[in-house]
Amino acid sequence: MMNISASSVFQAYLSMTASITLFKTMLNQLVPQQLQVYIVTKIRSYFRQNSSDITLVIEETDGMGINEIYTAAEIYLSTRISPEFQRFRISKRPKETDVNVKFGNCGKITDSFEEIELVWRFVHESNQKNSLRFHGGDGDGDSSEKRYFELSFKKQHKERILNRYIPLVLTVAKSMHSEKKPVKLHSLASGNIYASKVWESVNLDHPSTFETLAIEPALKKTIKEDLDRFIKRKEFYRRVGKAWKRGYLLYGPPGTGKSSLIAAMANYLKFDIYDLEFSSIKRDADLRRLLLSTKNRSILVIEDIDCSVKLPDRNGNHPNNAANSSKMDQFTLGGLLNFIDGLWSSCGDERIIIFTTNHKEKLDPALLRPGRMDMHIHMSYLTSESFQVLTTNYLEISDPNYKGFKEVKELIQDIQITPAEVAEQLMKSEDPETCIEGLVKFLKRKRTSINEELEKQKDANNNTTDDDTQLHELKRIKL
Ligand SMILES: Nc1ncnc2c1ncn2[C@@H]1O[C@H](COP(=O)(O)OP(=O)(O)OP(=O)(O)O)[C@@H](O)[C@H]1O
Ligand SMILES: [Mg+2]
Numbered sequence: 370m371m372n373i374s375a376s377s378v379f380q381a382y383l384s385m386t387a388s389i390t391l392f393k394t395m396l397n398q399l400v401p402q403q404l405q406v407y408i409v410t411k412i413r414s415y416f417r418q419n420s421s422d423i424t425l426v427i428e429e430t431d432g433m434g435i436n437e438i439y440t441a442a443e444i445y446l447s448t449r450i451s452p453e454f455q456r457f458r459i460s461k462r463p464k465e466t467d468v469n470v471k472f473g474n475c476g477k478i479t480d481s482f483e484e485i486e487l488v489w490r491f492v493h494e495s496n497q498k499n500s501l502r503f504h505g506g507d508g509d510g511d512s513s514e515k516r517y518f519e520l521s522f523k524k525q526h527k528e529r530i531l532n533r534y535i536p537l538v539l540t541v542a543k544s545m546h547s548e549k550k551p552v553k554l555h556s557l558a559s560g561n562i563y564a565s566k567v568w569e570s571v572n573l574d575h576p577s578t579f580e581t582l583a584i585e586p587a588l589k590k591t592i593k594e595d596l597d598r599f600i601k602r603k604e605f606y607r608r609v610g611k612a613w614k615r616g617y618l619l620y621g622p623p624g625t626g627k628s629s630l631i632a633a634m635a636n637y638l639k640f641d642i643y644d645l646e647f648s649s650i651k652r653d654a655d656l657r658r659l660l661l662s663t664k665n666r667s668i669l670v671i672e673d674i675d676c677s678v679k680l681p682d683r684n685g686n687h688p689n690n691a692a693n694s695s696k697m698d699q700f701t702l703g704g705l706l707n708f709i710d711g712l713w714s715s716c717g718d719e720r721i722i723i724f725t726t727n728h729k730e731k732l733d734p735a736l737l738r739p740g741r742m743d744m745h746i747h748m749s750y751l752t753s754e755s756f757q758v759l760t761t762n763y764l765e766i767s768d769p770n771y772k773g774f775k776e777v778k779e780l781i782q783d784i785q786i787t788p789a790e791v792a793e794q795l796m797k798s799e800d801p802e803t804c805i806e807g808l809v810k811f812l813k814r815k816r817t818s819i820n821e822e823l824e825k826q827k828d829a830n831n832n833t834t835d836d837d838t839q840l841h842e843l844k845r846i847k848l
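If you want it as structure tokens, here you go:
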């Protein structure tokens with residue numbers, strides 16, 4: 370008796386399927402179209418039934434809507450296209466940044482998972498014309514087209530493929546998709562005649578990244594690691610029963626990079642930003658509606674929390690006109706905090722909330738209490754290390770011994786200067802030497818004006834002490 374091994378049947382099936390295009394051309398010339406479909410289908414099902422392999426068919430739609438596994442397979446397989454392929458499909462959606470490359474008229478794609486051999490094929494059928502087009506995928510817009518992937522492997526691995534490999538394909542595709550998606554900035558706009566606010570979005574084209582951010586290297590590392598840990602810990606948050614959210618409070622003087630850090634975080638995580646402008650929200654109900662319409666994997670930003678609005682306290686007492694306003698209509702700090710900690714966080718995943726302020730000391734203690742904001746980040750004046758980041762970015766000079774740097778670094782240690790002020794000086798000329806000379810002059814002028822101011826105050830108070838706190842305050846004076 371002839372002994373046919375499983376793998377030889379499988380190989381035969383593969384080569385047969387690969388030859389179908391040629392076979393079809395011959396059929397086209399000799400046999401009516403309906404008979405062609407019948408013959409091809411019979412041959413394919415014969416080989417399927419007689420092998421120890423199994424084939425999963427992943428159709429583009431399930432009759433109701435898009436099949437997520439199909440979309441994921443398209444994205445996932447784009448990473449498996451080998452250099453020998455000669456035909457690709459490329460596409461780009463209006464809101465995407467990169468070109469998508471998908472495999473087109475090629476034989477097959479092989480993949481392996483936990484040492485299981487897998488074969489992927491792309492099939493494109495056009496029912497209306499009663500013809501089959503295998504491996505094509507360059508559709509002509511026919512409404513009755515059918516596209517699907519076939520995934521073949523040994524029968525005994527069925528459970529592992531369904532329970533582990535397919536979820537892997539979905540996960541890989543999800544992360545690749547979010548990498549390609551442009552980061553959006555959502556801000557508030559008037560939605561209708563009653564002036565209720567809605568989110569309006571644009572692509573965030575902010576170039577700030579962790580590389581361009583001039584902050585202490587140790588702080589930068591801590592923030593990045595914190596974000597990485599947060600993203601990885603889905604299971605942890607679930608296990609301990611906490612909502613998967615993280616809060617940051619960024620505080621420090623104007624121009625130290627708080628907004629730049631938010632943009633860097635969004636670009637790093639590929640999270641959208643929702644910029645919640647307090648002053649345009651009147652009632653808790655509006656706030657709740659807006660918060661509920663924010664998406665997962667996003668950063669909710671409330672800038673200048675201390676001065677953007679006169680916040681009533683947690684009991685609803687408004688600082689100026691508590692008597693005049695109805696409690697029901699008021700926007701309250703309690704409403705915001707309760708909602709953020711309660712319902713809002715449990716309605717979504719991977720949420721980050723960031724408050725910024727120039728005056729941490731003015732903030733309501735409710736915002737500062739432990740557990741509310743997970744990390745308080747102090748954005749401070751420029752240091753020697755962070756100055757080096759600015760020169761690399763603005764002047765493309767990373768040599769720490771470049772002419773004039775020593776003097777600049779000494780001056781920076783002596784007075785408090787923001788990255789924004791230095792960045793402005795570094796943009797004044799295209800010639801690096803001129804920029805550094807200008808910066809040295811600027812810093813010296815600033816030091817002189819601080820010293821003069823200090824002298825004046827000493828005279829006025831007839832005070833000869835060199836009190837540290839006073840000096841500290843004076844160093845903040847701008848030119
Ligand atoms: N740490 C920094 N690294 C790199 N560039 C910076 C940094 N800080 C400020 N800048 C530059 O200064 C500009 C203003 O900075 P940014 O808006 O981030 O400051 P801020 O702390 O948010 O200020 P404010 O408190 O006024 O909102 C930025 O566009 C950037 O060019
Ligand atoms: Mg800012």
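For my numbering, add 369 to where a residue sits in the sequence shown, where the first one is 1.
Quick reminder that beta carbons are idealized off the backbone N, C-alpha and C, glycines included.
C-beta contact flag for residue i and residue j at 9 Å
{"i": "residue 584", "j": "residue 626", "result": "yes"}
{"i": "residue 482", "j": "residue 444", "result": "no"}
{"i": "residue 637", "j": "residue 724", "result": "no"}
{"i": "residue 639", "j": "residue 666", "result": "yes"}
{"i": "residue 717", "j": "residue 663", "result": "yes"}
{"i": "residue 486", "j": "residue 515", "result": "no"}
{"i": "residue 554", "j": "residue 674", "result": "no"}
{"i": "residue 668", "j": "residue 722", "result": "yes"}
{"i": "residue 621", "j": "residue 742", "result": "no"}
{"i": "residue 567", "j": "residue 559", "result": "yes"}
{"i": "residue 551", "j": "residue 532", "result": "no"}
{"i": "residue 786", "j": "residue 812", "result": "yes"}
{"i": "residue 807", "j": "residue 798", "result": "yes"}
{"i": "residue 450", "j": "residue 478", "result": "yes"}
{"i": "residue 652", "j": "residue 708", "result": "no"}
{"i": "residue 527", "j": "residue 423", "result": "yes"}
{"i": "residue 425", "j": "residue 539", "result": "no"}
{"i": "residue 736", "j": "residue 706", "result": "yes"}
{"i": "residue 719", "j": "residue 600", "result": "yes"}
{"i": "residue 480", "j": "residue 488", "result": "yes"}
{"i": "residue 659", "j": "residue 645", "result": "yes"}
Residue closest to residue i, alpha-carbon to alpha-carbon, out of the options
{"i": "residue 770", "options": "763, 712, 757, 624", "result": "757"}
{"i": "residue 623", "options": "601, 672, 650, 656", "result": "672"}
{"i": "residue 591", "options": "555, 634, 550", "result": "634"}
{"i": "residue 471", "options": "448, 480, 785", "result": "448"}
{"i": "residue 429", "options": "421, 439, 423, 422", "result": "439"}
{"i": "residue 593", "options": "604, 644, 557, 744", "result": "744"}
{"i": "residue 761", "options": "805, 736, 726", "result": "805"}
{"i": "residue 733", "options": "618, 629, 536", "result": "618"}
{"i": "residue 628", "options": "789, 793, 797", "result": "789"}
{"i": "residue 783", "options": "604, 794, 766, 750", "result": "750"}
{"i": "residue 853", "options": "650, 492, 713", "result": "Only positions 370 to 848 of the chain appear in the structure, and residue 853 is not among them; the question remains open."}
{"i": "residue 775", "options": "793, 809, 815, 803", "result": "809"}
{"i": "residue 780", "options": "752, 492, 730, 772", "result": "752"}
{"i": "residue 715", "options": "607, 647, 645, 655", "result": "607"}
{"i": "residue 795", "options": "766, 543, 814, 822", "result": "766"}
{"i": "residue 748", "options": "727, 737, 492", "result": "727"}
{"i": "residue 484", "options": "800, 801, 534, 493", "result": "534"}
{"i": "residue 517", "options": "569, 442, 827, 574", "result": "442"}
{"i": "residue 654", "options": "468, 713, 828, 614", "result": "713"}
{"i": "residue 460", "options": "569, 549, 536, 525", "result": "549"}
DSSP beta-bridge partners of residue i
{"i": "residue 615", "result": "721"}
{"i": "residue 570", "result": "555"}
{"i": "residue 489", "result": "478, 520"}
{"i": "residue 546", "result": "Looking at the DSSP assignment, residue 546 forms no beta bridge with any residue, so it has no partner."}
{"i": "residue 669", "result": "643, 722"}
{"i": "residue 515", "result": "494"}
{"i": "residue 471", "result": "458"}
{"i": "residue 744", "result": "617"}
{"i": "residue 426", "result": "519"}
{"i": "residue 435", "result": "430"}
- Query: For ligand 2, which residues count as neighbours when the test is a C-beta closer than 5 Å to any heavy atom?
  - Reply: 627, 628
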